[in-house]
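Colleague: Next up is a structure, given as structure tokens.
Protein chains: 2
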Amino acid sequence: MRTKIYNAAVLTVDPAGHVYDKGYVLFEGKRILEAGPGCGPDADTAIDGRGGILMPGMVNAHSHIPMIPFRSMGDDCPDRLRRFLFPLELEAMTPELVYLSSRYAVCELLLAGVTAVADMYYFEDQVARACDEMGIRAWTGETVIDMETCDSPGAEGGLDLCRELIERWKGHDRIHPMVAPHATNTNTPEMLKRAYELAESRGVPCMLHVSEMDYEMSHFREVYGKTPVEFLYGLGALGKNTVGVHCIHMTDRDIALMAETGAKAVHCAGSNTKAGKGISPVRDLRAAGVDVGIGTDGPSSGNTLDLFTQFKMIASLQKTRYHDRSLFPAREIVEMGTMGGARVLSAQDEIGSIEKGKKADLVLVETESVNMFPRYNPYSVLVYSAGASNVDSVWVDGKQLVKEGRLTEADLEDIRNRLETAMTSFRESAQRYAEFI
Amino acid sequence: MRTKIYNAAVLTVDPAGHVYDKGYVLFEGKRILEAGPGCGPDADTAIDGRGGILMPGMVNAHSHIPMIPFRSMGDDCPDRLRRFLFPLELEAMTPELVYLSSRYAVCELLLAGVTAVADMYYFEDQVARACDEMGIRAWTGETVIDMETCDSPGAEGGLDLCRELIERWKGHDRIHPMVAPHATNTNTPEMLKRAYELAESRGVPCMLHVSEMDYEMSHFREVYGKTPVEFLYGLGALGKNTVGVHCIHMTDRDIALMAETGAKAVHCAGSNTKAGKGISPVRDLRAAGVDVGIGTDGPSSGNTLDLFTQFKMIASLQKTRYHDRSLFPAREIVEMGTMGGARVLSAQDEIGSIEKGKKADLVLVETESVNMFPRYNPYSVLVYSAGASNVDSVWVDGKQLVKEGRLTEADLEDIRNRLETAMTSFRESAQRYAEFI
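See below:
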């Protein structure tokens with residue numbers, strides 16, 4: 002069964018940056034056969050792109066998708082992690098809530114044109130299960146953190162769950178396990194080292210929050226006279242498996258160490274700035290050769306799960322940080338949201354661009370809505386004009402999961418109703434933190 | 002004819018900040034009769050808000066709406082104003098193109114829940130005509146600038162057009178003329194003074210770009226040893242009729258002078274930062290007592306015309322600028338986008354909040370879409386989660402112009418087709434600047 006999408010501006014994001022103003026993409030089963038200008042060859046199914054923009058599926062390279070129940074709670078409250086997020090998670094998160102929240106979040110991701118997500122949370126096996134069922138591509142990382150959590154008495158238990166997750170999901174076609182030590186300052190040095198070694202030995206990413214918090218920075222400065230990145234490097238926990246999330250407070254040496262070791266970075270512009278934390282030096286990371294992907298962070302931290310909100314933010318923040326409008330042209334931002342994310346997850350040979358042999362993870366963005374006219378530069382339209390609501394169709398592994406802005410396989414209303422019901426005791430527990438939310 | 006909207010979270014944005022979690026708004030003709038908790042009294046028409054958020058119509062306090070034809074053109078090009086925007090405007094903008102672009106832009110504004118817009122451009126009488134026909138509330142300012150433009154050989158002609166615009170539209174119920182000297186550095190001091198005097202004598206706003214450009218700042222520093230705001234003050238052109246747009250590069254004294262004279266400010270976060278210009282000290286302006294509204298700037302500068310994109314940006318940028326998450330809680334940002342804009346246009350007694358006697362300019366935001374769940378704090382949902390696509394219904398002067406996300410009175414497809422046709426020679430002229438776009 003060959004499927005063709007034609008009559009669209011095809012942004013391949015291939016190494017040469019080919020754009021076919023009126024082009025087509027042909028795929029068979031899970032794989033792309035070819036893309037090019039014109040209408041292309043005959044196919045079993047031909048889908049009219051109606052003059053829209055056809056792009057590679059977007060990669061949301063960092064989130065905590067089961068945190069849907071927390072969205073819009075205490076958004077402007079300082080120190081919310083310790084004031085209500087950690088305690089409420091400990092009290093109220095259950096495997097069922099993680100599973101149902103993940104299903105809901107995947108609906109939102111798919112409807113926004115995100116075809117791959119990297120997640121870190123608790124009960125991550127439930128996240129993997131939900132993502133598997135819903136058809137999205139996912140990297141799922143079990144959290145290792147030096148405290149009691151909803152799914153483990155401490156870090157040791159978290160590491161055990163990582164091993165189980167790897168055991169169960171390694172080799173799956175779409176779902177990829179990760180090891181996810183929470184942050185540099187929330188684990189012992191020994192545990193950070195062991196977590197990294199586990200990831201390295203099993204060939205999976207080791208995703209952790211790095212150089213994000215003021216108190217994280219001062220802790221490492223005061224105790225070790227180092228930055229968090231220098232500290233990880235000294236431990237042997239900075240390497241090609243490392244996916245450092247946030248990387249806000251970075252020295253030139255930090256950036257050089259990441260480049261030298263092949264460590265990756267994920268930029269969460271919206272979440273970082275909504276918290277007033279600062280602006281990651283993404284220009285400098287990229288200039289040094291560090292692969293950078295884009296993440297929304299969890300729905301509690303970043304609220305939206307779509308990359309269009311991030312695209313605008315990244316352009317604005319980086320141009321402003323360096324006082325230079327020409328930086329981060331729209332094309333580079335779209336690349337970060339597709340190939341950038343693929344590289345961060347070491348999946349650049351499988352996803353991230355429209356190229357022969359890659360997975361048919363595709364997004365058709367319509368340009369008929371009022372905000373999408375006119376269209377001189379399709380990258381500009383995606384970065385500066387588009388929103389999640391402009392996503393018309395989405396394919397993962399060649400399977401159409403969104404059509405005309407609606408899920409083809411899942412019943413969103415039913416998923417929401419089931420989640421709402423499962424949130425009853427969560428809402429009761431949340432009452433205890435009413436002063437913050 | 003009394004109309005009631007019920008079963009919605011009503012955000013009144015009144016002085017006490019009343020929110021009715023399950024409330025209603027009742028209006029008759031153009032005016033609001035009452036708002037409160039519960040279902041309210043009987044009415045001739047009762048509209049079920051379906052659990053959405055009912056808010057005052059948003060005020061987009063600065064735009065150049067006829068610039069739709071420029072959108073997505075050369076977005077990342079430095080110095081685009083002089084490289085292609087000014088020359089292309091001079092060559093290709095016609096009254097017809099301004100009129101049709103304005104009609105198109107008003108569709109976009111209304112669909113995004115913007116019920117009032119302040120515009121400055123050329124052929125502004127055509128903008129006023131389009132806004133009048135389309136039913137939106139508008140402040141329309143004819144541009145005065147010391148160069149040849151598409152509608153005038155120079156500033157003197159621009160000022161004449163301002164007089165004509167005032168003559169024609171002063172006293173209109175929805176359309177309000179303004180005087181709009183382009184910027185502090187693009188007019189002679191004499192002309193700035195005369196423009197302000199005209200505005201003051203006729204009781205209309207005097208809107209101009211202030212402290213926006215690096216070269217504007219250095220010009221005033223080098224030639225006068227002053228800031229642009231100090232310079233306006235010295236001219237007698239800073240006062241309660243002044244609406245200073247952008248106000249990026251502001252000293253403490255500038256802020257004090259604006260507060261002292263009653264001058265207003267409009268913040269265009271997205272446009273300012275997309276251009277890498279900087280972040281306006283909005284916290285300090287507001288702390289000094291300066292009224293601040295929110296603008297998207299034109300579709301060429303800011304691309305989107307909706308305030309939801311700006312809400313997220315403002316939260317992110319201000320919290321980051323001051324490194325404090327607690328600043329600009331969502332409620333304050335919604336206030337800026339409603340009452341803030343009303344105050345900037347000296348219309349605070351007529352619009353900007355849901356209060357007895359005010360105009361029934363109302364927006365119902367649905368919370369059924371995937372990105373809008375759950376809802377703890379409705380302000381948070383509007384600022385951090387919502388997008389223009391969540392706008393369900395819009396009323397201006399009590400007349401429903403948007404219903405279930407569609408225009409009730411206008412045919413968007415027809416308006417776009419007519420605009421597209423009228424853009425033929427514009428597109429040809431644009432070819433001359435292909436290197437930049």
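Top line first, the protein sequences correspond to chains A and B. Taking the working numbering, the leading residue of the first sequence gets 2, the next gets one more, and so forth. Taking the working numbering, the leading residue of the second sequence gets 2, the next gets one more, and so forth. Heads up, the beta-carbon is just placed ideally off N, CA and C, and yes, glycines get one too.
First and last residue of the alpha helix (DSSP H) that includes R51 (chain B)?
Modeller: No alpha helix (DSSP H) contains R51 (chain B), which is instead part of the beta strand (DSSP E) from 46-57.
Colleague: Under 9 Å between beta-carbons, which chain B residues line up against C132 (chain A)? List them in chain order, please.
Modeller: Here the premise fails: no neighbours, minimum Cβ distance about 16 Å.
Colleague: Counting contacts by CB-CB distance shorter than 7 Å, is H210 (chain B) in contact with chain A?
Modeller: For H210 (chain B), the answer is no, since every Cβ of chain A falls outside 7 Å of its Cβ.
Colleague: Might you give, ordered along the chain, the residues of its own chain that have their beta carbon closer than 6 Å to the beta carbon of W170 (chain B), omitting 5 neighbours on each side?
Modeller: Taken in chain order, the residues that qualify are A129, I176, P178.
Colleague: Does any CB atom of chain A fall closer than 7 Å to the CB of R51 (chain B)?
Modeller: Not an interface residue.
Colleague: By the criterion of Cβ-Cβ separation under 8 Å, what are the contact partners of A276 (chain A) in chain B?
Modeller: The answer, in chain order, is K320, R326.
Colleague: Among all the DSSP beta bridges, which residues are the ones paired with G388 (chain A)?
Modeller: None, per the DSSP bridge assignment.
Colleague: Could you run through the region 41-67 of chain B and flag, in chain order, every residue whose CB is less than 9 Å away from some CB of chain A?
Modeller: Taking 9 Å as the Cβ-Cβ cut-off against chain A, none of the residues of the region 41-67 of chain B qualify.
Colleague: Please state the DSSP three-state secondary structure of F221 (chain B).
Modeller: Looking at F221 (chain B) - three-state DSSP - the assignment turns out to be helix.
Colleague: Rounded to whole angstroms, what is the Cα-Cα separation between R417 (chain A) and S426 (chain A)?
Modeller: Approximately 16 Å between the Cα atoms of the pair.
Colleague: Going by the DSSP bridge assignment, what does R3 (chain B) pair with across the sheet?
Modeller: In DSSP, R3 (chain B) forms a bridge with B:E29.
Colleague: Three or more C-beta pairs under 8 Å: does that hold for the region 360-380 of chain A against the region 99-106 of chain A?
Modeller: Result no; under three Cβ-Cβ pairs closer than 8 Å.
Colleague: Looking at the C-beta of E217 (chain B), does it have a partner C-beta in chain A at a distance below 7 Å?
Modeller: Chain A contact via Cβ: absent.
Colleague: Taking the continuous alpha helix (DSSP H) assigned at V205 (chain B), which residues delimit it?
Modeller: Neither: V205 (chain B) is in no alpha helix (DSSP H) and is coded neither H nor E.
Colleague: Under 8 Å by Cβ, that's how I've got P182 (chain A) and L209 (chain A) pegged, so tell me the actual separation to the nearest angstrom.
Modeller: At roughly 5 Å, the Cβ-Cβ gap stays under 8 Å, so P182 (chain A) and L209 (chain A) are in contact.
Colleague: Which bits of chain A does A331 (chain B) rub up against, with CB to CB less than 8 Å?
Modeller: The answer, in chain order, is D76, D77.
Colleague: Quick one: using the 10 Å Cβ neighbour count with 16 as the cut-off for buried, is P206 (chain A) buried or exposed?
Modeller: When all chains shown are included, P206 (chain A) counts as buried.
Colleague: When the cut-off is 7 Å and only beta carbons count, does V442 (chain B) lie next to chain A?
Modeller: Because chain B spans 2 through 438 in this model, residue 442 (chain B) falls outside it and cannot be assessed.
Colleague: Looking at the secondary structure, which residues open and close the alpha helix (DSSP H) in which K275 (chain B) lies?
Modeller: Per DSSP, K275 (chain B) belongs to the alpha helix (DSSP H) from 270-275.
Colleague: In angstroms, rounded to a whole number, what distance separates the CA positions of C108 (chain A) and I280 (chain A)?
Modeller: C108 (chain A) and I280 (chain A): Cα-Cα distance of roughly 29 Å.
Colleague: State yes or no: is the beta carbon of Y385 (chain B) nearer than 7 Å to at least one beta carbon in chain A?
Modeller: Cβ-Cβ to chain A under 7 Å: yes for Y385 (chain B).
Colleague: With burial defined as no fewer than 16 other Cβ atoms inside 10 Å of the residue's Cβ, what is the status of V392 (chain B): buried or exposed?
Modeller: V392 (chain B) is buried by the Cβ-count criterion.
Colleague: Taking a contact to mean a Cβ-Cβ separation below 7 Å, would you say G245 (chain B) touches S272 (chain B) in this structure?
Modeller: It is not a contact, given that the beta carbons lie outside the stated cut-off.
Colleague: Per DSSP, Q401 (chain B) is paired with what?
Modeller: DSSP lists B:W396 as partners of Q401 (chain B).
Colleague: With 7 Å as the threshold, decide whether the Cβ of N186 (chain B) is near any Cβ in chain A.
Modeller: Judged by the 7 Å Cβ criterion, N186 (chain B) is not in contact with chain A.
Colleague: So which residues on chain A does C108 (chain B) lean against when the C-beta distance must stay under 8 Å?
Modeller: By Cβ distance, chain A contributes V371.
Colleague: Any chance the CB of K359 (chain B) is under 6 Å from a heavy atom of the ligand ATP?
Modeller: Here there are no bound small molecules, and the ligand ATP is not part of this structure.
Colleague: Going along chain A, which residues have a C-beta under 8 Å from G353 (chain B)?
Modeller: What G353 (chain B) touches in chain A: nothing, since even the nearest Cβ is about 22 Å away.
Colleague: So, do the region 276-293 of chain B and the region 243-257 of chain B have three or more beta carbon pairs nearer to each other than 8 Å?
Modeller: Yes: at least three Cβ pairs fall under 8 Å.
Colleague: For R138 (chain B), write down the residues that DSSP places opposite it in a beta bridge.
Modeller: In the DSSP output, where bridge partners are listed per residue, R138 (chain B) has B:A117.
Colleague: So does the region 132-146 of chain A actually touch the region 305-321 of chain A, counting three or more Cβ pairs closer than 8 Å?
Modeller: With the cut-off at 8 Å, the region 132-146 of chain A and the region 305-321 of chain A do not touch.
Colleague: Just the C-alpha distance for L193 (chain B) and E213 (chain B), rounded to the nearest angstrom, thanks.
Modeller: Distance between the alpha carbons of L193 (chain B) and E213 (chain B) is about 17 Å.
Colleague: Give the DSSP-derived three-state secondary structure of T321 (chain B) in the structure shown.
Modeller: It is helical.
Colleague: Pick from B:G24, B:P88, B:T95: whose alpha carbon is nearest that of M424 (chain B)?
Modeller: Per the Cα distances, B:T95.
Colleague: According to a CB-to-CB cut-off of less than 7 Å, which residues of the region 265-292 of chain A neighbour chain B?
Modeller: Result list: G271, T274, K275, A276, G277, G279, I280.
Colleague: Run down chain A in chain order and give the residues with a C-beta less than 7 Å from the C-beta of S426 (chain B).
Modeller: Chain A residues near S426 (chain B): none, gap ~14 Å exceeds 7 Å.
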